[in-house]
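At position 16 of the sequence shown the residue is numbered 568 (this note's numbering), and the sequence of numbers has no breaks. These notes concern the structure reproduced below.
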Amino acid sequence: MISVSYLACPHQHKDKDIKRKRLDAVTHVAALLHGKEDYVYSPLTHNLPMSCYGLEQSFDLWKAFDLEMVERCDRLYVLTLPGWDASEGVQAEIAHAKKLNKPIKMLEYDLESKQLLERSYMV
């Protein structure tokens, strides 16, 4: 049976260009990983388009939903883009996955070359 992974990534930033780059990166990584080892759920990729219909983008609005999705997934991937370690959402998702004893894999991505790097590691 194929597993399902949750792909966490920082999003909120005052610079709209940084937010766009983060969304592009996480969507690219989700596409690269999807179907290879498992199915990948990316909350930014899958939920952010709903904001054009009036839903807020704040973590406060999405927290309960995101943590429920972490529970339903088999593992957590964390895309370690700049700011991941200060992201309230990413840190909550990591803490929740740890509480549930879910495997957590950190993924590195080069924003310039748009490449998923091999230096990924488990925590």
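Positions of the beta carbon are idealized from the N, C-alpha and C atoms, including for glycine. Owing to the predicted nature of the structure, the values given are computational and were not obtained by experimental measurement.
Closest option to L600, judged by alpha-carbon separation, among C625, M553, R572, R627: R572. If you check the CB distance, W614 and P562 do not come in under 8 Å. Collapsing the DSSP output to three states places D569 in a helix. Unbroken beta strand (DSSP E) stretches of 3 residues or longer found wholly inside the segment 584-660: 590-593, 627-631, 656-659, given in chain order. In this structure, DSSP gives L559 an extended state, which the three-state scheme calls strand.
For A577 and L652, the gap between their C-alpha atoms comes out near 27 Å.
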